[in-house]
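Going line by line, the protein sequences match chains A and B. The numbers in the first sequence follow this note's numbering, run straight up by one, and end at 517. The numbers in the second sequence follow this note's numbering, run straight up by one, and end at 203. Think of the CB as a built atom: it goes at the ideal place given N, C-alpha and C, for glycine as much as any other residue. The structure presented is a predicted model; accordingly, all values stated were derived computationally and were not measured.
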Amino acid sequence: MATHTIGTGGDFSTPQLWEDDLPATMTEQRIGQLKNQEFTASGSVIDFSAHATTSSFNVIFECAAGASFKDNANVRTNALRYNSANGAAIRTTSTSGALRISGSVNHLTIRGIQIANSGSAYNNLGISQGGGASTTNLLIQDCIVEVMAGSAPAVQLSSGSGTLVVNCCIIQRNGSGDGFQWGGSTGTQVIGCTIVAPSNNTSSAQAANSNYQPITVKNCALFGFAVDADSLTSGSDYNATSFSDAGSTLPDNSPDHNVYDVAYDTTLFQQPSDSGGNHDFRLKSGNGLADAGIYDATNSPNDISGTVRANPPDIGAWELAAANQTVSPGLINNGVTLFDPAITTGGAVIAPGRISLSMIFYAPVITGGAITEIFTLAVDERSFAIDLFDDREIEPGIVDERSF
Amino acid sequence: MQLVVRVFNKYDGDDPALIAKMMARGDVIEVVADNHEWGRLDLTNPSWAILRAPISKAKAEAMKSADQDEFDPMGRIRAFHLDLEELIRRGYPIPTIEEAIATREAIAAEAEGQSRSEVKHSERYARATPIIDITEEDFDAAKKAKEPLIDPAIIG
Numbered sequence: 114m115a116t117h118t119i120g121t122g123g124d125f126s127t128p129q130l131w132e133d134d135l136p137a138t139m140t141e142q143r144i145g146q147l148k149n150q151e152f153t154a155s156g157s158v159i160d161f162s163a164h165a166t167t168s169s170f171n172v173i174f175e176c177a178a179g180a181s182f183k184d185n186a187n188v189r190t191n192a193l194r195y196n197s198a199n200g201a202a203i204r205t206t207s208t209s210g211a212l213r214i215s216g217s218v219n220h221l222t223i224r225g226i227q228i229a230n231s232g233s234a235y236n237n238l239g240i241s242q243g244g245g246a247s248t249t250n251l252l253i254q255d256c257i258v259e260v261m262a263g264s265a266p267a268v269q270l271s272s273g274s275g276t277l278v279v280n281c282c283i284i285q286r287n288g289s290g291d292g293f294q295w296g297g298s299t300g301t302q303v304i305g306c307t308i309v310a311p312s313n314n315t316s317s318a319q320a321a322n323s324n325y326q327p328i329t330v331k332n333c334a335l336f337g338f339a340v341d342a343d344s345l346t347s348g349s350d351y352n353a354t355s356f357s358d359a360g361s362t363l364p365d366n367s368p369d370h371n372v373y374d375v376a377y378d379t380t381l382f383q384q385p386s387d388s389g390g391n392h393d394f395r396l397k398s399g400n401g402l403a404d405a406g407i408y409d410a411t412n413s414p415n416d417i418s419g420t421v422r423a424n425p426p427d428i429g430a431w432e433l434a435a436a437n438q439t440v441s442p443g444l445i446n447n448g449v450t451l452f453d454p455a456i457t458t459g460g461a462v463i464a465p466g467r468i469s470l471s472m473i474f475y476a477p478v479i480t481g482g483a484i485t486e487i488f489t490l491a492v493d494e495r496s497f498a499i500d501l502f503d504d505r506e507i508e509p510g511i512v513d514e515r516s517f
Numbered sequence: 048m049q050l051v052v053r054v055f056n057k058y059d060g061d062d063p064a065l066i067a068k069m070m071a072r073g074d075v076i077e078v079v080a081d082n083h084e085w086g087r088l089d090l091t092n093p094s095w096a097i098l099r100a101p102i103s104k105a106k107a108e109a110m111k112s113a114d115q116d117e118f119d120p121m122g123r124i125r126a127f128h129l130d131l132e133e134l135i136r137r138g139y140p141i142p143t144i145e146e147a148i149a150t151r152e153a154i155a156a157e158a159e160g161q162s163r164s165e166v167k168h169s170e171r172y173a174r175a176t177p178i179i180d181i182t183e184e185d186f187d188a189a190k191k192a193k194e195p196l197i198d199p200a201i202i203g
């Protein structure tokens, strides 16, 4: 495995230079990690050429520790839109896809990155895949993709199989481009995503548009487009539309998980209009999308900010932070952020290896016996901490200081 | 402007679809400003040469353009390249194709069972990459449009 940082003071100064350092045939896993800065280019900021991969010798394009918008201390209060001040970001300013896949590269993971295109050319996409660039097992996770002008789709995938797009916020602001468009990709799944055109724009396009192949769209919030979606598979769980089933001709599961007649205004998102440049697609509490999804522990246990999904989850990329969240053992995992958790007796048994450096509890109330077997392994050679913020209440004897 | 240029092909086979989508000798990978802050491994990469030319940003970045129909499977990832042999003939100290391939093969052989990236960037192969100043006239002389690729699957 080879991990390299990208950016000022890093191993490679630009994403494209890191990409070109990847060999044609992968002989090890390669991970490129963006530093916390905005990378801009007039063309594609990064263009993947063809690489022969395996499931082990794969390619991951992500952010360095602490560099993603997800790692921002204010991730829960920051507006959910492209904002390079919040974390590592790439943006194309003139033409072509900001992140482009030109050659066949399988087992590619893109996660935690902000991707934007502010150019106005015909091919100004956020993420694009070229002709002949078939991909299998492409994973795009926890990304913000925003297209600001032009006429192209925000995300366009052309061919391959097994593509998974999870917990992404896709914002299409150009009025005529689709939100998510796929061509010959088979088995594509879009799960827990928010795909929107701002509410003050008149879009003539589709939120999810297929040219050739059916797709599964699950727990997704689709708003602001002329047409929500087409060519969904019969197993799709299509949620969050103001269209009726009859009008949309969409497949429908039984029981029906679809949500209808949800107003697309400030009762739904913090700010669905981009007229002031302060659009914000964090879900608001008290609307029909809250707790209306279908829990997916495999693909979407957390939301785009890392917050644990409730069961049932909210629809879209954003999970409302539940006050006094009940924490069960299955929810304790690496990288989890819990807000206001009330961890009650027997609520969490944290076995060795189940808790990591990046685990943060905000304002926890931990009662006697709530956490058992915090650490039975020696910790002398590892730095370890649980950060307890705000109004922490820890009863004596609950936490063994020697463990920390 | 500074241009990072590949000195050997990523792919030497005869599959036109892979030729189209792989960087090759003379392809401009990246274009940066003269005051660019390089990364730790940028200036020691045996795959690249770095050229500095007194040309406009638009002229330099045009070297990164793809074929017009980018959704064509035979569309090249780079429509133009720099003829490094021409630049060598004009006296620039750019690795010859033989030298570049020899380095690539040596890395591949030594990396057997090891991290290829570590071997490639080890002191043995990480030659210090000089930034080579070239004139605009020589840049223009070396700039070549690539020949169209023909898909053998198409008859007629």
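Note to self: Short of 6 Å in beta carbon distance, which residues of its chain neighbour Asn-424/A, apart from the five on each side in sequence? Order them along the chain.
What the structure shows: Tyr-408
Note to self: Checking 7 Å against the spacing of the C-beta atoms, do Lys-183/A and Gly-120/A come in under that value?
What the structure shows: no
Notebook entry, point to check: Ser-233/A and Ala-267/A look like a contact to me (Cβ under 8 Å); what is the Cβ gap, rounded to whole Å?
Noted result: That pair is no contact at about 14 Å.
Check: What's the gap between the Cα of Arg-53/B and the Cα of Pro-136/A?
Finding: 13 Å
Next item on the list: Let me know the secondary structure DSSP gives Glu-259/A once reduced to three states.
Entry: strand
Item checked: Distance cut-off 6 Å: Ile-181/B Cβ against heavy atoms of the ligand FAD -> Judged by which ligands are present, the structure shown has none, so any question about the ligand FAD falls away.
Notebook entry, point to check: Beta-carbon of Ile-144/B versus every beta-carbon of chain A: anything under 7 Å?
Noted result: no
Notebook entry, point to check: What do you reckon, are the CB atoms on Ser-271/A and Gly-290/A nearer than 7 Å?
Noted result: no
Next item on the list: Could you check which residue in Ile-76/B, Ala-80/B, Lys-68/B, Ala-64/B has the C-alpha nearest to that of Gln-49/B?
Entry: Ala-80/B
Notebook entry, point to check: Going by DSSP, which residues form a beta bridge with Asn-322/A?
Noted result: Gln-294/A
Next item on the list: Starting from Asp-89/B, find everything on chain A with Cβ-Cβ shorter than 9 Å and list it in chain order.
Entry: Asp-124, Phe-125, Ser-126, Thr-127, Leu-130
Notebook entry, point to check: Under a CB-based cut-off of 7 Å, is Met-70/B close to chain A?
Noted result: yes
Checklist line | Where the beta strand (DSSP E) through Gln-142/A begins and ends | finding: Gln-142/A -> no beta strand (DSSP E), and no H or E assigned at all.
Margin query: I'd like to know whether the C-beta of Asp-404/A is nearer than 7 Å to at least one C-beta of chain B.
Written below: no
Note to self: Could you compute how far the alpha carbon of Val-372/A sits from the alpha carbon of Asn-412/A?
What the structure shows: 21 Å
Checklist line | Simplified DSSP state of Val-75/B, which is helix, strand or coil | finding: strand
Check: Within the 7 Å Cβ cut-off, does Ile-484/A reach chain B?
Finding: Here the model assigns Ile-484/A a pLDDT of 47, short of 50, so the residue's position is not dependable, and the following value carries that caveat. No - not a single Cβ of chain B is within 7 Å of the one on Ile-484/A.
Checklist line | DSSP three-state assignment for Ile-144/B, whether helix, strand or coil | finding: helix
Check: Does the beta carbon of Thr-140/A sit closer than 7 Å to a beta carbon anywhere in chain B?
Finding: yes
Notebook entry, point to check: Going by Cα to Cα distance, which pick from Gly-156/A, Thr-166/A, His-117/A, Phe-125/A is closest to Glu-141/A?
Noted result: Thr-166/A
Check: So what's Phe-170/A in DSSP terms, helix, strand or just coil?
Finding: coil
Margin query: Starting from Ile-119/A, trace the beta strand (DSSP E) in both directions and tell me its first and last residue.
Written below: 115-119
Note to self: Are the CB atoms of Ala-265/A and Leu-238/A within a distance shorter than 7 Å?
What the structure shows: yes
Notebook entry, point to check: Who are Leu-270/A's beta bridge partners in DSSP?
Noted result: Trp-295/A
Next item on the list: Could you tell me which chain A residues have their CB closer than 7 Å to the CB of Ile-76/B, listed as they occur along the chain?
Entry: Gln-129, Leu-130, Asp-133
Next item on the list: Give the straight-line distance between the Cα atoms of Val-330/A and Leu-252/A, rounded to the nearest whole angstrom.
Entry: 15 Å
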